[in-house]
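Numbering (this note's numbering), first residue to last: -2 to 98.
Glycine residues also receive a C-beta, built at the ideal position from the N, C-alpha and C atoms.
This structure is a prediction, so every number in the text was calculated from the model and none was measured.
The next block holds one structure in the form of structure tokens; read it before the comments.
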Amino acid sequence: MKSYRIKGNIDDALQEGDVCDITKPFTVEGTLKFEFTPKSPTSGEYTYSGPFNATGSGPYEIRPDGTMLVDGTGCIMGKCATYSHEWEAKPIDPATCKQGK
């Protein structure tokens, strides 16, 4: 399965959207600009940027149980912290996939 509906958050920033092919670089729409770069069919690295000088990066993994692990270090207004969040990654029908890009 390559097409997913991905939904999750980092603190108050909510991200949600359809990804038509997780084996190619993809974005997930939301408060922050998340850009994912796959290194395998279900894992890779990401970076994000957003308001209040928000930046972050780290590894991600889409798991068979419908979750997506998003680890990393993020900074906002000069204060940085490490985190580990579990997002939803639900398979969707590629024929119905409507990605923003």
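Can you tell me whether residue 74 is buried or exposed? The criterion is at least 16 other CB atoms within 10 Å of its CB, across all chains shown.
exposed
Top-ranked residue by Cα proximity to residue 6, from 68, 90, 92 and 77 = 68
Check your understanding: Excluding five sequence neighbours on each side, which residues of the same chain lie with their C-beta closer than 6 Å to the C-beta of residue 23?
Key -> 16 and 33
*Do you know whose CA, among 79, 65 and 53, lies nearest residue 13's CA?*
65
Original post:
Distance, Cα to Cα, residue -1 vs residue 72?
Top reply: 31 Å
Check your understanding: Where does the unbroken beta strand (DSSP E) through residue 65 begin, and where does it stop?
Key -> 64 to 73
Please name the residue in 45, 59 and 50 whose C-alpha comes closest to that of residue 20.
59
Check: From residue 52 to residue 8, what does the alpha carbon distance come to, in whole angstroms?
Finding: 13 Å
When burial is assigned at 16 or more other CB atoms within 10 Å of the CB, is residue 86 buried or exposed?
buried
Own chain residues within Cβ distance below 7 Å of residue 63, not counting five before or after: 85, 86 and 87
Neighbourhood of residue 18 by C-beta, 6 Å cutoff - its chain only, sequence neighbours within 5 removed:
-1
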